[in-house]
Each structure stands twice: as structure tokens, then as C-alpha cells.
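Residue numbers (this note's numbering), protein chains in the order written: chain W, 478 to 580; chain U, 944 to 1434.
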């Protein structure tokens, strides 16, 4: 029964996933990996929402999670589109080679 | 058939957004019918859509005042149309209309005139509408993403231009990152309170014992996400790059309508669900305000690219507006509303002139490109001067009015030190704004090429100048409008 697992376990898992995602965004140089780290953050959010939804016996958390999944897909589509446009012009997808505009 | 799910009132409340979305799809379809040289018809369709939306909004407003309601809610409390939402939606509509007016010729010069541009603008407007009206965490988040995803694409609209690619990339990465942090904060708020409705969240937070670390984690992540969206220091790094690389017309759009929407979002979240935590976030916000004014103004001094300069200037304006939230009394919140209205007009005015500077083979976004503007085109140089004076906050222009209410609210709430810092940085701002004035009026023109004033640009200039002066000289009706938009902080 998943009900036997206390809510704090889920919270620790999601916090760990969230932290990994943030570290990934800040430390990695490859833009595709940064994009994957952002997805990791959104998955941490989903774990939170679904765990809370079950814990509180309220359905709106699951509805929120479904919307986040849809949003993650839309974000990936736009992000990959921008990556392809950039790769065509620059031939690189390294974040530290984005230096036409100073950071 | 849907009667059990939606009432007629629900449908009425989302009608403006539905109209915008339909017109956006309509533009995508009719774009295929237009020949290359008739692409301006897409702009006409978009303006028509904005017009219909405006009429719809006015009808809602009239029905509300006829029935004596101050707010109408729909979708089981998930959507609320009140004075705040209406005021901000009008700002978004007007800002987008002006941005569309000055985009037409710019896109022709760039040779990237596609219908998608206008469709994406309308889609982002749909997101902004929901940011202003939503009363539910889910609706707010989806509204935010609808707006942001459209604007990411618009920032990279010049597909062949490396700088535009890079701007879109940086804007997208940091925007998606901050949305993720914000969503994490929202998920914690939901877990703490068991509801996604903003008022229920506030009720539940009041009931919680103070000093709960998870409450602080939720507050920190939500606040970080929100401050990223309005580009407050230390979460501002994306703004100068995104503003510099994006097409100039989109920079003008990005720095006004989506910025006002992000502000509406921030105000709604800080004043309703997070209002019980005010003691926790007030000190934090003071630090962010001071940093934003310091970094925004000081970094603007050394910029040689006009778009980058105005990116930093818009960061510093965010600092002033947040001060109204620090004060938090009615004057302060009214001040933010007035400031945003005024800011939209003066900033769009500036960008109208910058868009006109883009001609074949001349990019026109370096400060040098402004040199001798007065001798080439005295009218636009004088207009630019008035917009710059307004941005600096010199009376009798509108910019003074926005700063006046913010300073007044700081004095009223005894934040004297903050008021002094804010005034000092007005002087710094005058310095870098006047660098541009010196360029325009005292240097010889470097390129003899005439300015590209299309009918759309002329209309946009006329509207923005008229509003900058009218709000400055006869402010009463606008102050009354802004006062009607003040959101009562949740107690």
C-alpha cells in the first residue's frame, strides 16, 4: 500500500530531485542537458503534487500535475525549436559559447 | 450540454480570451491567403481582434457597474474579474496594439514578415488575461506559461539572426528555469494548504503556526520565481541579453505588456495568498528593491547599446515599482498601477523611435546611431526627449506622477531611508538618459540616411506622446482609474 509511506519520504525525494535539477541548470554547459535538468525540476513538482493530492485526499493536485506535464511538453517543443534554429546558425549547443551578447 | 459544468457567466468572463485566441488562429489561417506584399493585412486582423476584445471588456465592465458588482467570479472561484483585472487587461491591450502598429514596417525591413508574429502576440495576450484574472494557482501557472512560451518564440523571431537566436535561447532557459522554481513553490503552497484557490490558500496560511520551515521554503521559491519574471536584481541577468538580441519591435513589446502582466501576477500572489506572510517577505523585498535600483541604474551608465541601456533602465523602474509594494498602503498600490500605465506609454514611445531607426543596412541600436537625430528628424528627436524626461520623472511629464505616488507612499509609511535612496538614483538616471539627449542634439549625424516613419509608427508616436503628456498635465481621471484597481490586501 503506498498509503503506508509517510508524506515526508515523498517530500525528501522531490527536494532531492529539485536540487539535482537546479544544480544541473547552473553547472552543465550543454543546452540539451540544461533542458533535461529543467524537466527534472518539473518532475519534482509533479511528485510533490501527486503525493500531496493523495495525502490530502484532494483531486486538484492531480489536475495541476496533468497541466504541468502538458506544460513541460510545450516547453520542450519550444526549447528544442530554439536549439535547432541556433544550431543551424552557430553549429554549437554549448551554453558558454553563447557570447555574442555578454552575459 | 455543458450546463452542468459552466454557467453563462463563466463563459462571459473568458470571452475576451476566447476572442483573442480565435483571432490568433484566424491570422494563422488567413496568412496563407495574403501575398508577400500584403502581409500588413495580418496586422489589421490583429488590431481588429484587439478592438473586439476591447469592446467585450467594456461590455463586461458596463454590466458590472450596472449591477453594482465590484467583482464577478467564475469557474468556482478560479477566475475573478475585478477592478484590478480590468485595469491591467486594458494596459495589456493598449500596449499590444501600439506594439503591433510599429511592428509592420520593422518586419518588412527585416524581411521576416509572417502572420505568426501577430498570432503569437495575441496568444501571449491570452496568457496575460489569465494572469490578471486568475484566482487559482493552476490557472495562474498556465496563464504564465501561455504568455511566456509565445514571447520566447517572438524573441527568436529573426531565425537567421544569430543574436536573435541567442536572445531567445537565454530568455527561454532562464524563463523555463524560473517557471520550474515557481511551480515548485506553488506545489508546496498547495501541500501546505490543501487548496489551489488563492483565497483558500491565504486562509489556511493564517491558520498555520508561524515559523514553519516549509512555509518559508514555499515563500522563497515562489518569490524567486516571481522576481525572475519581473527581472528584479539578483534575478535580472536574462533581461539585458534578451532585450538586446530580440527584434527591436519585440523588445518594445516585451518590456511593456509582458512586464505589466508579470507585475499583475506578482501583486496578486503577494497580496492574496502570501499576504499573511508579509512580515517574512517585507525585509526581503526591501533588499531586492535597493539592489534593483542600484544595479539597474549603475549598469545603465556604461552601456553603448541603446536596447541594452533601456533593459537596465527598465530593471531600475521595476525597483521603483516594487517600492510601492514595500510601502503596501493604498497610495503605494495605486502608485504601482499609475506607474505601470505611464511606464507602458513612455517606454513604447522610446521603442517606436528606436524601431524607426532600423533601415536597410542600418541596425540602429547603438547609441551612436542616435547622433544628430535632431538635424535629420527634429520631430522624433523632440518626442524622444519628452519620453526620456518622462522616464527620468521630470514634471510635467507623466513619469513624474508615477514616481510621486511611490515616494509619497514611502513617506507615509515612514520608509525615509528608502525614499532618499530612490531620489538619489533618479539623479543617476538623469545622467544616462541625458547621454542620449546629448547624442541627438549636439552631435553631427553619422549616416545621412533618412528616418523610416511609416503610418503605423506615426500613429504609435502620436498616441504614446499624447498619453505621456496628458497623464502628466491632467492626471485626475487616470488617478481615479488606478485607485479603482487597487487590490485590497488579504487580511
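Each residue gets a CB set at the ideal place from its N, CA and C atoms; glycine is no exception.
Residue range of the alpha helix (DSSP H) that includes residue i
i	result
residue 1025 of chain U	From DSSP, residue 1025 of chain U is part of no alpha helix (DSSP H) but of the beta strand (DSSP E) over 1022-1025.
residue 961 of chain U	951-973
residue 1144 of chain U	1141-1150
residue 485 of chain W	484-504
residue 510 of chain W	508-533
residue 1005 of chain U	983-1010
residue 1244 of chain U	1221-1244
residue 1310 of chain U	Per DSSP, residue 1310 of chain U belongs to no alpha helix (DSSP H) and is neither H nor E.
residue 1389 of chain U	Careful: residue 1389 of chain U lies outside any alpha helix (DSSP H) and carries neither H nor E.
residue 1135 of chain U	1105-1136
residue 548 of chain W	537-567
residue 1184 of chain U	1181-1188
residue 1423 of chain U	1419-1427
residue 1215 of chain U	It is not in any alpha helix (DSSP H) - residue 1215 of chain U carries neither H nor E in the DSSP assignment.
Separation of residue j from residue i, as counted between CA atoms
i	j	result
residue 561 of chain W	residue 511 of chain W	15 Å
residue 997 of chain U	residue 963 of chain U	10 Å
residue 1377 of chain U	residue 1195 of chain U	20 Å
residue 1202 of chain U	residue 481 of chain W	46 Å
residue 1234 of chain U	residue 1373 of chain U	19 Å
residue 532 of chain W	residue 1219 of chain U	24 Å
residue 975 of chain U	residue 1150 of chain U	57 Å
residue 1266 of chain U	residue 1157 of chain U	27 Å
residue 995 of chain U	residue 1427 of chain U	24 Å
residue 1429 of chain U	residue 1260 of chain U	20 Å
residue 1369 of chain U	residue 1335 of chain U	6 Å
residue 984 of chain U	residue 1245 of chain U	41 Å
residue 569 of chain W	residue 563 of chain W	8 Å
residue 1300 of chain U	residue 1281 of chain U	29 Å
residue 1086 of chain U	residue 1217 of chain U	19 Å
residue 1009 of chain U	residue 1003 of chain U	10 Å
residue 1193 of chain U	residue 1250 of chain U	11 Å
residue 1105 of chain U	residue 1240 of chain U	28 Å
residue 577 of chain W	residue 1095 of chain U	18 Å
residue 1254 of chain U	residue 1184 of chain U	8 Å
residue 1198 of chain U	residue 980 of chain U	29 Å
residue 1352 of chain U	residue 1275 of chain U	5 Å
residue 948 of chain U	residue 1402 of chain U	44 Å
residue 965 of chain U	residue 1154 of chain U	48 Å
Beta carbon of residue i nearer than 7 Å to that of residue j
i	j	result
residue 1039 of chain U	residue 1000 of chain U	no
residue 1078 of chain U	residue 1029 of chain U	no
residue 1315 of chain U	residue 1387 of chain U	yes
residue 542 of chain W	residue 566 of chain W	no
residue 1179 of chain U	residue 1293 of chain U	no
residue 1379 of chain U	residue 1313 of chain U	yes
residue 1082 of chain U	residue 1021 of chain U	yes
residue 1116 of chain U	residue 1017 of chain U	no
residue 555 of chain W	residue 1092 of chain U	yes
residue 1166 of chain U	residue 1174 of chain U	no
residue 1074 of chain U	residue 1207 of chain U	yes
Same chain, Cβ closer than 8 Å to residue i, five either side skipped, listed in chain order
i	result
residue 499 of chain W	514, 518
residue 1354 of chain U	1362
residue 1287 of chain U	1034, 1037, 1038, 1199, 1200, 1203
Beta-carbon proximity list for residue i, same chain, < 7 Å, skipping 5 on both sides
i	result
residue 1303 of chain U	1052
residue 520 of chain W	494
residue 1215 of chain U	1141, 1142, 1145, 1433
residue 529 of chain W	538
residue 1448 of chain U	Within the shown structure, residues of chain U are numbered from 944 to 1434, placing residue 1448 of chain U beyond reach of any answer.
residue 490 of chain W	524
residue 1177 of chain U	1234
residue 1160 of chain U	1131
Limits of the unbroken beta strand (DSSP E) element including residue i
i	result
residue 1015 of chain U	1014-1017
Chain-order list of residues whose beta-carbon lies under 6 Å from that of residue i (same chain, five-residue window excluded)
i	result
residue 478 of chain W	Residue confidence for residue 478 of chain W is low, a pLDDT of 44 falling below 50, so the modelled location carries little weight; the figure read from the coordinates is stated next. So the list is empty, once near-sequence residues are dropped.
residue 1172 of chain U	1205
residue 1027 of chain U	1428, 1430
residue 1187 of chain U	1248, 1250, 1251
residue 572 of chain W	506, 508
CB contact check: residue i to chain A, cutoff 7 Å
i	result
residue 549 of chain W	Absence of chain A from the displayed structure is noted, the protein chains being W and U.
Any non-hydrogen atom of the ligand ADP closer than 6 Å to residue i Cβ
i	result
residue 983 of chain U	With respect to the ligand ADP, the structure shown offers nothing to examine, as it has no ligands at all.
Inset, instruction - Could you run through the region 561-576 of chain W and flag, in chain order, every residue whose CB is less than 7 Å away from some CB of chain U? - result: For the region 561-576 of chain W, the beta-carbon criterion of a distance under 7 Å to any beta-carbon of chain U is satisfied by 562, 563, 566, 567, 575.
Legend entry - Within 7 Å of chain U by C-beta, residues of the region 516-535 of chain W in sequence order: Going along the region 516-535 of chain W in chain order, one finds 518, 519, 521, 522, 525, 526, 529, 533, 535 with a Cβ nearer than 7 Å to chain U.
Legend entry - Interface residues of the region 1061-1090 of chain U facing chain W [CB-CB below 8 Å]: Residues 1080, 1081, 1084, 1085, 1088.
Inset, instruction - Could you run through the region 1144-1177 of chain U and flag, in chain order, every residue whose CB is less than 9 Å away from some CB of chain W? - result: So the list reads 1157, 1160, 1164, given in the order they occur along the chain.
Inset, instruction - With 7 Å as the limit, tell me which residues of the region 1178-1190 of chain U have their beta carbon closer than that to any beta carbon of chain W; keep them in chain order. - result: Shown in chain order are the members of the region 1178-1190 of chain U whose Cβ falls below 7 Å from a Cβ of chain W: 1180, 1184, 1187, 1188.
Legend entry - Members of the region 1114-1129 of chain U that neighbour chain W once the beta carbon cut-off is set at 8 Å: For the region 1114-1129 of chain U, the beta-carbon criterion of a distance under 8 Å to any beta-carbon of chain W is satisfied by 1115, 1116, 1119, 1120, 1122, 1123, 1124, 1126, 1127, 1129.
Legend entry - Near-chain W residues of the region 1100-1113 of chain U (beta-carbon distance less than 9 Å), N- to C-terminal order: Cβ contacts with chain W: 1102, 1103, 1104, 1105, 1106, 1107, 1108, 1109, 1110, 1111, 1112, 1113.
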